[in-house]
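Asks:
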Amino acid sequence: MTRVLERLDELYAIGAHRAGYSPQEDAAHELAAGWMREARLDVARDEAGNLFGRRGAARVWSGSHLDSVPNGGRFDGALGVVAAIEAAARLPEAPLAAVAFRAEETGPMGSRALKALPDAFVELHIEQGPVLERAGEPLGIVSAIAGQARGVVTFEGRADHAGTTPMDARDDALLKAARFVVHVAGCARPPAVATVGALEVEPNASNVVPARVAVAVDARAPDAARLDELVAAIGFEPTWSLEPVAMSGPPLEALRAVLPNAPSLVSGAGHDAMVLAAAGVPTAMLFVRSLNGGASHSPAELSSPDDIELAGDALTAALARLVR
Ligand SMILES: [Zn+2]
0 MTRVLERLDE LYAIGAHRAG YSPQEDAAHE LAAGWMREAR LDVARDEAGN LFGRRGAARV
60 WSGSHLDSVP NGGRFDGALG VVAAIEAAAR LPEAPLAAVA FRAEETGPMG SRALKALPDA
120 FVELHIEQGP VLERAGEPLG IVSAIAGQAR GVVTFEGRAD HAGTTPMDAR DDALLKAARF
180 VVHVAGCARP PAVATVGALE VEPNASNVVP ARVAVAVDAR APDAARLDEL VAAIGFEPTW
240 SLEPVAMSGP PLEALRAVLP NAPSLVSGAG HDAMVLAAAG VPTAMLFVRS LNGGASHSPA
300 ELSSPDDIEL AGDALTAALA RLVR
């Protein structure tokens, strides 16, 4: 696994910001293409710029993305691509493909633009949260990728002088919004989550009683029924939503067979795997423990060499089963 760690360093040396379709992402794809050739894979790109290292019929794919958020970490996405290439090198006869999708962080754009789909897809990815670290588990098998619903709830009040208006004569929109924020947090029963991450206060002046507040809600749950329940409990009208998708079929069975004791968890973040699963491809995801409290999308992102080695072994064994 030393080679995997070295390659992650090489990718990170391109830059901690490799935006989708930027010269930095191009450079990362170039590096990966060289590693694919070393692993005796045939390199090809599709119209969207996704990179494929194929061998034989290649009906089984594994991979992730090489773009990053600004000031990102060295594992998000990159680990899944490097580990897929490594697995392909360790299975020199296996007909499979290692894939690097374009622009995951700003879409996902590449995986959404796929014109041809595989029979099975496995994505290895860091957890990007603290669940496995807290459980003392190196690896987890994703059972579903959470559905998301977003919307804005607006509270109306009346602007008044902050000095001359008695407390019992006010109609303070921000006080109503504050009670709602607490209500939102109370509605989410694990593993569902609900967040208020943005407020717009009008007129947003320290000496004026707030007249109007718009509260942005983000709700996520592992299946459609629980997402509907959460949205109803919060009481908002989603203006944007993403269907939850279940991991399924031979890829999930292969991971479960290889790691019979690994815990199941729901991914709260979307991934390329979500796009492929939603398109009907039997898909599974293997999560590697994120250290530093699950820090991600930051340079504090960390996974241990031992955990990465276990994950690489499990991915290789699962792919070996899938191509049989
Ligand atoms: Zn990612």
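Read in numbering that gives the first Met the number 0, the sequence shown has 181 at position 182, and its numbers run on one by one without any break. The beta carbon of each residue, even a glycine, is placed where N, CA and C say it ideally should be.
Terminal residues of the continuous beta strand (DSSP E) containing Gln147?
Replies: 146-155
Asks: Would you say the beta carbon of Gly76 is closer than 7 angstroms to some non-hydrogen atom of ligand 1?
Replies: yes
Asks: Taking the beta strand (DSSP E) that Asp215 belongs to, which residues open and close that run?
Replies: A small fix is needed here, since residue 215 is Ala in this sequence, not Asp. Segment 211-220, the beta strand (DSSP E) holding Ala215.
Asks: Taking three-plus beta-carbon pairs below 8 angstroms as touching, is the segment 313-320 in contact with the segment 12-32?
Replies: no
Asks: Quick one: what's got a C-beta closer than 7 angstroms to Ile176's C-beta in the same chain, skipping five residues either side?
Replies: Note that residue 176 is Ala in the sequence shown, not Ile. For Ala176, where only same-chain residues beyond five positions count, the Cβ hits under 7 angstroms are Phe154, Leu198, Val212, Val214.
Asks: Could you tell me if the beta carbon of Ser289 falls within a distance shorter than 7 angstroms of some heavy atom in ligand 1?
Replies: Ser289: no, Cβ never under 7 angstroms from ligand 1.
Asks: With a threshold of 7 angstroms on Cβ separation, who are the neighbours of Ser303 within its own chain once the five nearest residues in sequence on each side are excluded?
Replies: Leu290
Asks: Per DSSP, Glu103 forms a beta bridge with which residues?
Replies: For Glu103, which the question treats as bridged, DSSP gives no partner whatsoever.
Asks: With DSSP run on the structure shown, which of helix, strand or coil describes Arg54?
Replies: coil
Asks: Run the proximity test for His270: is its beta-carbon closer than 7 angstroms to any non-hydrogen atom belonging to ligand 1?
Replies: yes
Asks: In three-state terms, what does DSSP make of Leu138?
Replies: strand
Asks: Mind checking whether Ala223 and Leu229 have CB atoms under 8 angstroms apart?
Replies: no
Asks: Sorted by chain position, which residues of the same chain lie with C-beta nearer than 7 angstroms to Glu85's C-beta, five sequence neighbours on each side aside?
Replies: Arg2, Val3, Gly311
Asks: Would the beta-carbon of Glu242 fall within 8 angstroms of that of Gly146?
Replies: yes
Asks: Could you tell me the distance, in whole angstroms, from the CA atom of Leu325 to the CA atom of Glu92?
Replies: Any property of residue 325 remains undetermined from this structure, which presents the chain solely from 0 to 323.
Asks: With the cut-off set at 8 angstroms, would you say Leu226 and Ala232 are in Cβ contact?
Replies: Taking the C-beta atoms as reference points, Ala232 is found no nearer than 8 angstroms to Leu226.
Asks: Going by Cα to Cα distance, which pick from Gly19, Tyr20, Ser21, Ala31 is closest to Glu9?
Replies: Checking every option, the nearest Cα to that of Glu9 belongs to Ala31.
Asks: Can you list, in chain order, the residues of its chain with a C-beta nearer than 7 angstroms to that of Ala172? Leave out the 5 residues immediately preceding and following it.
Replies: Phe154, Glu155, Gly156, Pro209, Ala210, Arg211, Val212
Asks: For Leu138, which of Met246, Ala261, Arg53 has the nearest alpha-carbon?
Replies: Taking only the C-alpha atoms, the option nearest Leu138 is Ala261.
Asks: Which residue comes first and which comes last in the beta strand (DSSP E) that contains Met284?
Replies: 282-287
Asks: Using a threshold of 7 angstroms, is the CB atom of His28 nearer than that to any non-hydrogen atom of ligand 1?
Replies: no
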